[in-house]
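Chains as they are written, first to last, in my numbering: chain Y, 641 to 1141; chain P, 150 to 300.
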Amino acid sequence: MDILQNLGLGFETAFTPINLLFAFIGVALGTAVGVLPGIGPTATIAMLLPITFGFEPVTSLIMLAGIYYGAQYGGSTTAILINLPGESSAAVTAIDGHQMARQGRAGPALATAALGSFFAGTVGTLALALFAVPISKAALLFGPAEYFSLVVLGLIASIALASGSVLKALAMIVLGLLLGTVGQDTFSGTPRFTFGLRELYGGLDFVALAVGLFGVAEILRNLEGDITRSVMVQKVKNLWLTKDDFRRIRGPVLRGTGLGTVLGVLPGAGHVLASFVSYSAEKRVSKRPQEFGKGAIEGVAGPESANNAAAQTQFVPLLTLGLPVSPIMALLLGAFIIQGIVPGPNVITDEPELVWGLIASMWIGNFFLVLLNLPLIGLWVKMLTIPYRILFPAIIAFASIGTFSINRNPFDVYAIAFFGILGYVLIKLGNEPAPLLLGFVLGPLLETYLRRSLIISDGDPSVFVTRPISLVLLLLALGAFVLAVLPSVRRKRDEVFEDED
Amino acid sequence: MHGARKDLLAGAVFVGFGLAFAITANTYEVGSALRMGPGYFPLVLGSLLVLLGIAIAVKAFVAGEGDDLGPVPWKALVLLVAALLFFGYTVRGLGLIPSMLVTVFMTAMAGRNARVIPSAVIAASLTALSILIFVIALQLRLPYFGFWLQG
Chain Y
641 MDILQNLGLG FETAFTPINL LFAFIGVALG TAVGVLPGIG PTATIAMLLP
691 ITFGFEPVTS LIMLAGIYYG AQYGGSTTAI LINLPGESSA AVTAIDGHQM
741 ARQGRAGPAL ATAALGSFFA GTVGTLALAL FAVPISKAAL LFGPAEYFSL
791 VVLGLIASIA LASGSVLKAL AMIVLGLLLG TVGQDTFSGT PRFTFGLREL
841 YGGLDFVALA VGLFGVAEIL RNLEGDITRS VMVQKVKNLW LTKDDFRRIR
891 GPVLRGTGLG TVLGVLPGAG HVLASFVSYS AEKRVSKRPQ EFGKGAIEGV
941 AGPESANNAA AQTQFVPLLT LGLPVSPIMA LLLGAFIIQG IVPGPNVITD
991 EPELVWGLIA SMWIGNFFLV LLNLPLIGLW VKMLTIPYRI LFPAIIAFAS
1041 IGTFSINRNP FDVYAIAFFG ILGYVLIKLG NEPAPLLLGF VLGPLLETYL
1091 RRSLIISDGD PSVFVTRPIS LVLLLLALGA FVLAVLPSVR RKRDEVFEDE
1141 D
Chain P
150 MHGARKDLLA GAVFVGFGLA FAITANTYEV GSALRMGPGY FPLVLGSLLV
200 LLGIAIAVKA FVAGEGDDLG PVPWKALVLL VAALLFFGYT VRGLGLIPSM
250 LVTVFMTAMA GRNARVIPSA VIAASLTALS ILIFVIALQL RLPYFGFWLQ
300 G
């Protein structure tokens, strides 16, 4: 069995002391940012990217991935205890989880979230291991035309799944693509949009963009109003689930895991979507739908499993195709590139230790999370008492040192300020920042594949529709776009995302 | 029409960016679809962004809905940007410790109802923490005091 061999190699890599340590640090940090509102995993990973520069590639990815799925756990803790989802996918968990907490059943709610997440994480990791090789093999048949269409599909689908105006999301993608063209043109070497600044020859700094967009802009948003958190948390006692609880969560956990595993690979906010879909599915199949919203344990078990399974399978397109489906995956793509690795179908065969080590570490990380979260729940809740007036200067301090240390270039720090203002203005005008980042990361790929395809086809643009795989991908993109603008789907989508804000 | 301001502005921002990119791209060799020059891709995208911006603005004008902009934290905006620029400008010359102290102090003052003494305390503790993490634990070689201070 290849799979066993691969996983064996993975665990061998993941079980080295240094990798175990950084998996632990990653999930602990992730839990922390999941707990703390006002600082998300995207900004955290962006800030820490520079630090991981000196690590082994596998170690750095293990830690960064840990932050991501760790944040999914942390988000559910505050969602349940104080009705404050630290992460968008935990918004649904807050509905019933917090009601359970108010009825004195915070313990079982937390335990359900942890156990469901652990189970789902395990299945998601397995699915990743199972599908990675076949998908990457199929992807090796892709030529530039197929890749071009695939990137188009990724970009369009990310609109279909995001909330808000389709036009604005499209505009943000195009702006991101344009920002991605800054720097030397790879085909002719002509510097573009550099205004004679040497610092811009290599393009805009990815880390500065992400930190500005997701860190500084977010801080400015938060400083608009008063952030006063009154933390009134009852003591959490008795984490055990009753026999009846176990019986009630079995179905939701299984269904949530299945939904999450499948939806996770979708571009956009796959994990957010998964938790919402799971919630409405559970409500529909339940014999007691009237209990939903009043503390139904199924409403915690399903979504929590779904978002965690999705968090794992989001790695499938990244590891097999080099295609990030979310801002966080885009940052991890950046981490690969910083390490000199170009993600894509070849990575699995060229860097087996890296890929399988990362996959195995996710399972280990999920295990750490159960250990970290249940017994130490009190510690995490205490973190909520850290006032925002200390948090945001810390974010700025770490972001500026971290970014400066990559290239020792003051210009990158100025760029944070620039993207912070740009991001703030755009968010203020009702635009979501995520599509911009995806466009920025995928822009150079899109242009390269487009130009290559047209050179090969002697300038005949029909190449994109005469090659069958490319045609299918483009049709899927078209379908996703039509779905996104259809009024009935839009209404449904707005409903789904309503609770998020 | 007043409520639509947000979308009109959003449209205007996109049109502005689109125009800037398209016009600049036009100064590079554009080429043809067969042999795309460096200007081709950005020119097409820039024009597309202009169209999208117009569409957003027109839609806002027709629909006439949209929320108010809400407050802008001007003080925080100015202080945060100034703090980042200051850090970039001085981190080498002044060195990590003085540069960081001032940067964090300025940032902390950006908070609502921020006061001088607590902000100074935050600046001192965060500077110490940053040095602990970045210089001592992660071994980044950044000098504590820069050449401006060494006469």
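Cβ coordinates follow ideal geometry from the N, Cα and C atoms, glycine included.
Of all the CB atoms in chain Y, is at least one closer than 9 Å to the CB of residue i?
i	result
residue 186 of chain P	yes
residue 205 of chain P	yes
residue 202 of chain P	yes
residue 167 of chain P	yes
residue 195 of chain P	yes
residue 230 of chain P	yes
residue 271 of chain P	yes
residue 247 of chain P	no
Note down the Cα distance separating residue i from residue j, rounded to an integer number of angstroms.
i	j	result
residue 659 of chain Y	residue 1069 of chain Y	43 Å
residue 1114 of chain Y	residue 963 of chain Y	16 Å
residue 798 of chain Y	residue 267 of chain P	43 Å
residue 680 of chain Y	residue 815 of chain Y	23 Å
residue 936 of chain Y	residue 928 of chain Y	9 Å
residue 180 of chain P	residue 187 of chain P	8 Å
residue 1058 of chain Y	residue 934 of chain Y	45 Å
residue 193 of chain P	residue 819 of chain Y	14 Å
residue 737 of chain Y	residue 939 of chain Y	7 Å
residue 968 of chain Y	residue 724 of chain Y	22 Å
residue 766 of chain Y	residue 757 of chain Y	14 Å
residue 695 of chain Y	residue 730 of chain Y	31 Å
residue 772 of chain Y	residue 161 of chain P	44 Å
residue 792 of chain Y	residue 281 of chain P	45 Å
residue 691 of chain Y	residue 889 of chain Y	40 Å
residue 668 of chain Y	residue 201 of chain P	42 Å
Do the CB positions of residue i and residue j come within less than 9 Å of each other?
i	j	result
residue 711 of chain Y	residue 763 of chain Y	no
residue 914 of chain Y	residue 957 of chain Y	no
residue 653 of chain Y	residue 1087 of chain Y	no
residue 917 of chain Y	residue 903 of chain Y	yes
residue 949 of chain Y	residue 899 of chain Y	yes
residue 1152 of chain Y	residue 753 of chain Y	Within the shown structure, residues of chain Y are numbered from 641 to 1141, placing residue 1152 of chain Y beyond reach of any answer.
residue 274 of chain P	residue 1041 of chain Y	no
residue 1126 of chain Y	residue 708 of chain Y	no
residue 1035 of chain Y	residue 852 of chain Y	no
residue 199 of chain P	residue 171 of chain P	yes
Tell me the DSSP secondary structure of residue i in three-state form.
i	result
residue 288 of chain P	coil
residue 703 of chain Y	helix
residue 831 of chain Y	strand
residue 979 of chain Y	coil
residue 952 of chain Y	helix
residue 743 of chain Y	coil
residue 169 of chain P	helix
residue 260 of chain P	coil
residue 933 of chain Y	coil
residue 823 of chain Y	strand
residue 804 of chain Y	coil
residue 160 of chain P	helix
residue 710 of chain Y	helix
Is the shortest distance between the beta-carbon of residue i and the beta-carbons of chain P less than 9 Å?
i	result
residue 865 of chain Y	yes
residue 897 of chain Y	no
residue 1139 of chain Y	Note that residue 1139 of chain Y scores 44 on pLDDT, short of 50, meaning its location in the model is unreliable; the coordinates nonetheless yield the value given after this. Judged by the 9 Å Cβ criterion, residue 1139 of chain Y is not in contact with chain P.
residue 1042 of chain Y	yes
residue 663 of chain Y	no
residue 1075 of chain Y	no
residue 1103 of chain Y	no
residue 838 of chain Y	no
residue 854 of chain Y	no
residue 771 of chain Y	no
residue 818 of chain Y	yes
Please compile the residues from chain P whose C-beta is within a distance smaller than 7 Å of the C-beta of residue i.
i	result
residue 627 of chain Y	For residue 627 of chain Y there is no data in the structure shown, the boundaries of chain Y being 641 and 1141.
residue 849 of chain Y	The premise fails here: residue 849 of chain Y is roughly 14 Å from chain P at the closest Cβ pair, so nothing lies under 7 Å.
Which chain Y residues are close to residue i, counting only those with a beta carbon under 7 Å from its beta carbon?
i	result
residue 292 of chain P	Those do not exist, as residue 292 of chain P stays about 11 Å from chain Y at its closest Cβ, beyond 7 Å.
residue 158 of chain P	1069
How would you list, in chain order, the residues of chain Y whose beta-carbon sits under 9 Å from the beta-carbon of residue i?
i	result
residue 277 of chain P	Correct list: empty, because the minimum Cβ distance to chain Y is about 11 Å.
Under 8 Å between beta-carbons, which chain P residues line up against residue i? List them in chain order, please.
i	result
residue 956 of chain Y	The contacting residues do not exist; residue 956 of chain Y stays about 29 Å from chain P at best.
Given 8 Å as the limit, tell me if residue i has its C-beta closer than that to any heavy atom belonging to the ligand SAM.
i	result
residue 663 of chain Y	With respect to the ligand SAM, the structure offers nothing, as it holds no ligand at all.
So which residues on chain Y does residue i lean against when the C-beta distance must stay under 8 Å?
i	result
residue 191 of chain P	818, 821, 832, 833
List the residues of chain A that residue i touches, going by C-beta distances under 8 Å, in chain order.
i	result
residue 1087 of chain Y	Of the protein chains in the structure, Y and P, none is chain A.
Report the neighbours of residue i on chain P: residues whose CB is nearer than 9 Å to its CB, in chain order.
i	result
residue 659 of chain Y	By Cβ distance, chain P contributes nothing, its closest Cβ being about 17 Å from residue 659 of chain Y, past 9 Å.
residue 1094 of chain Y	182, 183, 184, 185
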